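Single-structure report; data block below.
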Amino acid sequence: MSKNTPQAIRGTQDIFGADAEAFAFVVETFERVRKLYRFRRVEMPVFEKTEVFSRAIGETTDVVSKEMYSFEDRGGESLTLRPEFTAGIARAFLTNGWQQHAPLKVATHGPLFRYERPQKGRYRQFHQIDAEIIGAAEPQADVELLAMADQVIRELGIQGVTLHLNTLGDGETRSAWRAALIDYFGVVKGELSEDSQERLEKNPLRILDSKDPRDRKFVADAPKIDTFLSDEAQAFFEAVTNGLDAAGVKWVRAESLVRGLDYYRHTAFEFIPDEGSEAASKLGSQSTILGGGRYDGLMESLGGAPTPAVGWAAGIERLAMLVGGPEVSFDPTPVLAVIPDSPSMRAEADRIAAHLRSLSSGDYYIWSAFKQHGRKLADKAKNDGVDAILFVRDVPDVDDRLHLTNVSAPSEEAMREMFYVLARLPAPYRALSGEN
RNA sequence: GCGAUCGUAGCUCAGUUGGUUAGAGCGCCGGUUUGUGGUACCGGAGGUCGCGGGUUCGAACCCCGUCGAUCGCCCCA
Numbered sequence: 004m005s006k007n008t009p010q011a012i013r014g015t016q017d018i019f020g021a022d023a024e025a026f027a028f029v030v031e032t033f034e035r036v037r038k039l040y041r042f043r044r045v046e047m048p049v050f051e052k053t054e055v056f057s058r059a060i061g062e063t064t065d066v067v068s069k070e071m072y073s074f075e076d077r078g079g080e081s082l083t084l085r086p087e088f089t090a091g092i093a094r095a096f097l098t099n100g101w102q103q104h105a106p107l108k109v110a111t112h113g114p115l116f117r118y119e120r121p122q123k124g125r126y127r128q129f130h131q132i133d134a135e136i137i138g139a140a141e142p143q144a145d146v147e148l149l150a151m152a153d154q155v156i157r158e159l160g161i162q163g164v165t166l167h168l169n170t171l172g173d174g175e176t177r178s179a180w181r182a183a184l185i186d187y188f189g190v191v192k193g194e195l196s197e198d199s200q201e202r203l204e205k206n207p208l209r210i211l212d213s214k215d216p217r218d219r220k221f222v223a224d225a226p227k228i229d230t231f232l233s234d235e236a237q238a239f240f241e242a243v244t245n246g247l248d249a250a251g252v253k254w255v256r257a258e259s260l261v262r263g264l265d266y267y268r269h270t271a272f273e274f275i276p277d278e279g280s281e282a283a284s285k286l287g288s289q290s291t292i293l294g295g296g297r298y299d300g301l302m303e304s305l306g307g308a309p310t311p312a313v314g315w316a317a318g319i320e321r322l323a324m325l326v327g328g329p330e331v332s333f334d335p336t337p338v339l340a341v342i343p344d345s346p347s348m349r350a351e352a353d354r355i356a357a358h359l360r361s362l363s364s365g366d367y368y369i370w371s372a373f374k375q376h377g378r379k380l381a382d383k384a385k386n387d388g389v390d391a392i393l394f395v396r397d398v399p400d401v402d403d404r405l406h407l408t409n410v411s412a413p414s415e416e417a418m419r420e421m422f423y424v425l426a427r428l429p430a431p432y433r434a435l436s437g438e439n
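If you want it as structure tokens, here you go:
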């Protein structure tokens, strides 16, 4: 690499090859499932006014206080590259009058930006798939949203991942619980880890899932959310769990699952790889694959009318790490290479390739390359994983012009399939010779 | 923001206690090969050893700094 070539920005990725295939597979699967559940597609701006995020997510959260890519535009306005989807979608809901469509089910995917130290499964520009139900207070909305998340993960073929579920109660429940936790941990503050002493000020709920053994011994006897739950909040959570059972979505209760952002109420959840599973080892130290919850207070923080809503987002890179390695093929469609035997047959081969492409209904793909011919090109095609090769020979007899060789599946059936493809060619290409 | 490990060809990596002209495989380019299915054969190009400084007769190798990568902490998807 020349020292004169600029390098990529830290924490960004140039996704290529098998990784890019896995990425596309995740997005395509999500699109299919989202249509199945009739979530409407939305496209959102990649940047917003900074206050959209600072007001919605909460000034004291790590995301807002130290992880945002914020900058002034030429008019002196503070803008921010979106660190998540929910705040922007909430803003759009309010500014575009989407109330008229409530309850509104929307889905999107795209890049997000967080100024963090990159590591496995975590980047400064990363990508999420996202689903939201806005304007529905019913626990059935939570259930459907979670069933959809569960289906996405299953259709991706991901094993060993479990839904961890908790309730944070309503606003009053959450503040009462928070106050009790501050009291409880405040007494033993000196014995807590340095991180948790700080968390006591900023986000006491987070002490509950600290990994530090100094904190862990106090966590077991910490005040439980269930004691503070109002009757309504309790009933809501039960309705959600009953609905999940009815829908056949497996879940476990995770009492210490709190989510980092201020806007969560009631349902909070994460899909997490099971301890010791293959999925867990593929993810490195990242554990959450998909996370979300109910955010009934968010619209008000943006100056809108109280509007109940639930949503989730999942990291595409993290999902892609779990859907298989280079050996996994995401598309079984057969690939036919069209190869000129000699330079003189180049134009003829190109014509045949063009014919075959225009005749394809997506049941096969045509491979071609722009230089070389004969054996050398055939070797390249095989390396690229083509299933069959059609040689275009320079012979006087048109009937001998096309020669088919099956590469990947030596079965007669596969060979017949390829002959069937070639049968669609117009004259004078009808005849051909080949093996099997 | 903190810590650990690592930067040699396009890629993956060798490179002895510091010692002549820094190597291999793959890929790439050219030639031969008319093709049985990720193993044909011959030849070739390609590297200021991340960058800067220092030690030394001599540095890819030792020291300092810097940038980057990887992994972990924090936090999150």
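Number 439 marks the last residue of the first sequence (the working numbering); no jumps.
Glycine residues also receive a C-beta, built at the ideal position from the N, C-alpha and C atoms.
These numbers come from a predicted model, not from an experiment.
Closer than 8 Å by C-beta to residue i: which residues in its own chain qualify, once you throw out the five before and the five after it? Chain order, please.
i	result
L203	I185, F188, G189, K192, L195, I210
R268	L171, G172, D173, G174, R177, G296, R297, Y298, D299, G300
V45	I92, A95, V109, A110, T111
H376	I342, P343, D344, S345, P346, M348, R349
Compare the Cα-Cα distances from residue i to each of the options and report the closest residue.
i	options	result
I3	E135, P337, P226	The question about residue 3 has no answer, for the chain in this structure spans 4 to 439.
A183	E320, V49, I228	I228
L322	S73, D334, F129, R177	F129
K253	R262, E141, V424, V243	V243
N409	Y266, V398, M421	M421
L39	G79, T63, N169, A152	A152
F42	P48, E34, V49	E34
I342	V395, T310, E303	V395
V389	S411, M71, G377, R378	S411
T63	A430, G263, R360, P335	G263
With DSSP as the reference, label residue i as helix, strand or coil.
i	result
I12	coil
Q102	helix
V29	helix
S73	strand
S361	helix
E273	strand
A21	helix
T83	strand
F221	helix
L305	coil
P335	coil
Y367	coil
N206	coil
R262	coil
R181	helix
Please report the straight-line C-alpha distance between residue i and residue j, rounded to a whole angstrom.
i	j	result
L305	R58	7 Å
E351	S364	22 Å
A356	S371	8 Å
A90	F239	24 Å
R419	L339	13 Å
P121	M324	16 Å
P329	F272	A caution first: P329 carries a pLDDT of 47, below 50, which makes its placement in the model unreliable, though a value can still be read off. Distance between the alpha carbons of P329 and F272 is about 31 Å.
M47	T53	15 Å
Q441	F231	Absent from the model: residue 441. The displayed extent of the chain is 4 to 439, so no value can be given.
Y368	A317	31 Å
D215	E197	10 Å
D387	V36	31 Å
R256	L149	14 Å
S461	E278	Residue 461 lies beyond the residue range present for the chain, which begins at 4 and ends at 439; the question has no answer from this structure.
A11	G78	28 Å
E80	Y266	25 Å
L380	K374	8 Å
P114	P399	56 Å
V49	V401	56 Å
V424	A23	29 Å
I156	T165	10 Å
R378	K385	10 Å
F28	I319	10 Å
Is the Cβ-Cβ distance between residue i and residue j less than 7 Å?
i	j	result
V66	P86	yes
S233	T176	yes
V313	I136	yes
D212	S280	no
Y126	Q289	no
D353	D397	no
L440	R404	Lying before the first or after the last residue shown, residue 440 is absent from the chain, which here runs from 4 to 439.
L247	V146	yes
R13	E70	no
W315	A139	no
E303	P309	yes
L84	Y72	yes
Take residue i and list the residues in its own chain whose beta-carbon comes closer than 7 Å to its own, dropping the five residues that flank it on each side.
i	result
K383	A372
R456	Nothing can be reported for residue 456: it is not among the residues displayed for the chain, which extend from 4 to 439.
G437	Confidence is the limiting factor: at G437 the pLDDT is only 49, short of 50, which leaves the residue's position unreliable, though a coordinate-based value still follows. Result list for G437: H406, L407, T408, in chain order.
G160	V326
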